[in-house]
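In what follows, a single structure is set out as structure tokens and then discussed.
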Amino acid sequence: MQGEINVTKRVWQHIYAVMRLFPDGMSVSDFTQCYSQMFHKSLDYKSCGCRRLLWLLLSLPDVEVVRLSDGSPGIKLIRLPNKH
Numbered sequence: 001m002q003g004e005i006n007v008t009k010r011v012w013q014h015i016y017a018v019m020r021l022f023p024d025g026m027s028v029s030d031f032t033q034c035y036s037q038m039f040h041k042s043l044d045y046k047s048c049g050c051r052r053l054l055w056l057l058l059s060l061p062d063v064e065v066v067r068l069s070d071g072s073p074g075i076k077l078i079r080l081p082n083k084h
């Protein structure tokens with residue numbers, strides 16, 4: 001994929017830290033808002049870079065798409081990644 005983003009180990013740790021706060025799943029906007037607040041990095045979920053990040057998230061075996069309690073789609077961490 002052209003323009004693929006390089007995700008560092010530190011960014012993965014940030015992603016998992018945010019997702020652990022919502023064990024029952026979270027919306028994309030909640031994810032980006034929490035990520036921005038916790039790590040003082042702006043993530044505009046409508047931006048091209050963040051869309052790529054979300055596709056990358058969804059390609060992980062640790063993350064699945066779920067239906068949230070209000071019926072809207074969300075993302076959920078189903079297990080922690082293996083430590084290498």
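Sequential numbering from 1 applies to the sequence shown in UniProt numbering. Every residue, glycine too, gets a C-beta built ideally from N, C-alpha and C.
Member of the options whose CA lies at the smallest distance from the CA of residue i
{"i": "S27", "options": "L56, W12, L58, L68", "result": "L68"}
{"i": "S29", "options": "V11, D62, H40, P73", "result": "P73"}
{"i": "residue 89", "options": "R20, D24, A17, W12", "result": "Past the edges of the chain, shown from 1 to 84, lies residue 89, and the structure says nothing about it."}
One or two residues paired with residue i in a DSSP bridge
{"i": "M26", "result": "I75"}
{"i": "R10", "result": "Answer is none; R10 lacks a bridge partner."}
Exposure label - residue i; buried when at least 16 CB within 10 Å
{"i": "L57", "result": "buried"}
{"i": "K41", "result": "exposed"}
{"i": "T32", "result": "buried"}
{"i": "L53", "result": "buried"}
{"i": "V65", "result": "exposed"}
{"i": "M19", "result": "buried"}
Boundaries (first-last residue) of the alpha helix (DSSP H) holding residue i
{"i": "K41", "result": "Run containing K41: none; DSSP gives neither H nor E here."}
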